[in-house]
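Engineer: The sequence shown maps to residues 1 to 179 in UniProt numbering. A single structure is presented below for examination.
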Amino acid sequence: MCVAETETKVLHEVCKPGFYRSALQTKSCSKCPPRSYTKVEASTSCQCEQGYYRTETDPANMACTKPPSAPRNAISNVNETSVFLEWSAPEETGGRKDVRYNIVCSKISTESGQYEPCGSHVRYLPQRTGLRNTSIMVMDLLAHTNYTFEVEAVNGVSELTAPLRQYVSLNVTTNQAGE
């Protein structure tokens with residue numbers, strides 16, 4: 001064996017299971033991040049454990065994460081045809097800092113008695129999806145109507161687990177404007 005071959009073997013050791021080397025330029029093996037593993041030697045990345053995920057933009061050395069749990073302690077305050085919704089952050093963020101909230105609004109149809117989407121006339125302040133804060137004002141609802149609001153918690157890996165959603169529901173009945 002020549003000297004060059006010996007140096008190459010020293011510089012590029014074969015990573016054992018549980019370790020990886022992400023690029024050939026990297027000289028040493030790295031331990032798999034939390035909630036991930038390798039089962040074979042010479043792995044270039046670690047797989048996430050079942051129920052845990054990594055997005056395409058998450059770095060290879062980042063721990064695998066999961067979606068957040070549902071928001072907690074949701075309350076509503078009805079004022080005629082507007083409702084103020086407020087909730088607490090999920091108990092479990094899934095190991096990520098990018099938790100956001102989406103609101104799904106449904107109302108009972110007067111014709112069919114079935115739930116249907118609220119419609120485009122309803123206004124959400126500040127917005128219906130991608131909320132960073134834990135409250136929202138929903139306005140321009142119909143008077144004397146039953147509504148259900150789902151407050152959904154999502155993070156960067158939530159879309160990888162679709163259709164599983166983590167949300168809390170609030171049932172609200174609006175009043176007559178001016179009553």
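Virtual Cβ for every residue (Gly too), placed ideally from N, Cα, C.
(1) Going straight from the alpha carbon of Val14 to that of Arg72, what length do you get?
(2) Once the 5 residues before and after Lys16 are set aside, which same chain residues still bring their CB inside 8 Å of it?
(3) Would you say Thr38 and Cys46 are within 7 Å of each other, going by their C-beta atoms?
(4) For Ala74 versus Trp87, is the C-beta spacing smaller than 7 Å?
(5) Nearest to Asn61 by CA position, among Ser36, Lys107 and Val78, is which residue?
(6) Going straight from the alpha carbon of Thr26 to that of Ser43, what length do you get?
(7) If you measure between the beta carbons of Ser106 and Thr148, is that distance less than 7 Å?
(8) Using C-beta distances below 8 Å, list every residue in its chain close to Ile103, excluding the 5 sequence neighbours before and after it, in chain order.
(9) Rounded to whole angstroms, what's the CA-CA distance from Glu116 to Gly18? Just pull it up for me.
(10) Are Pro68 and Thr161 close, meaning C-beta to C-beta below 7 Å?
(11) On a Cα-Cα basis, can you pick out the residue from Glu91, Pro126, Ile108 and Gly95 that is closest to Gly119?
(12) Beta-carbon separation of Asn155 and Asp98 under 7 Å?
(13) At the level of alpha carbons, what is the spacing between Pro126 and Tyr101?
Structural biologist: According to the data block:
(1) Along the sequence shown, read from residue 1 onward, the residue named residue 14 stands at position 14. Along the sequence shown, read from residue 1 onward, the residue named residue 72 stands at position 72. C-alpha separation (whole angstroms): 47 Å.
(2) Here residue 16 is taken as the residue at index 16 of the sequence shown, counted from 1. Excluding positions up to five away in sequence, the list reads Cys29 and Glu41.
(3) Position 38 of the sequence shown holds residue 38. Position 46 of the sequence shown holds residue 46. Going by C-beta atoms, Thr38 is nearer than 7 Å to Cys46.
(4) Against the sequence shown, residue 74 aligns to sequence position 74. Against the sequence shown, residue 87 aligns to sequence position 87. Judged by their CB atoms, Ala74 and Trp87 are nearer to each other than the 7 Å cut-off.
(5) To locate residue 61, count along the sequence shown from 1; it is residue 61. Per the Cα distances, Ser36.
(6) As a working mapping, residue 26 is identified with position 26 in the sequence shown. As a working mapping, residue 43 is identified with position 43 in the sequence shown. About 13 Å.
(7) Counting from 1 along the sequence shown, the entry for residue 106 is found at position 106. Counting from 1 along the sequence shown, the entry for residue 148 is found at position 148. Yes. Within cutoff.
(8) Position 103 of the sequence shown holds residue 103. These residues qualify, in order along the chain: Leu85, Tyr124, Arg128, Thr129, Leu131, Ile136, Val138, Phe149, Glu150, Val151 and Glu152.
(9) Position 116 of the sequence shown, counted from the start, is the residue given in the question as residue 116. Position 18 of the sequence shown, counted from the start, is the residue given in the question as residue 18. For Glu116 and Gly18, the distance between alpha carbons rounds to 49 Å.
(10) Taking the sequence shown and counting its residues from 1, one reaches residue 68 at position 68. Taking the sequence shown and counting its residues from 1, one reaches residue 161 at position 161. Not in contact: Pro68 and Thr161 (Cβ atoms no closer than 7 Å).
(11) To locate residue 119, count along the sequence shown from 1; it is residue 119. Taking the Cα of Gly119 as reference, the smallest distance to any Cα among Glu91, Pro126, Ile108 and Gly95 is reached at Ile108.
(12) Within the sequence shown, numbered from 1, the residue matching residue 155 stands at position 155. Within the sequence shown, numbered from 1, the residue matching residue 98 stands at position 98. Against a cut-off of 7 Å, the Cβ pair of Asp98 and Asn155 comes out as a contact.
(13) Mapped onto the sequence shown, residue 126 falls at position 126. Mapped onto the sequence shown, residue 101 falls at position 101. If you take the alpha carbons of Pro126 and Tyr101, they lie about 12 Å apart.
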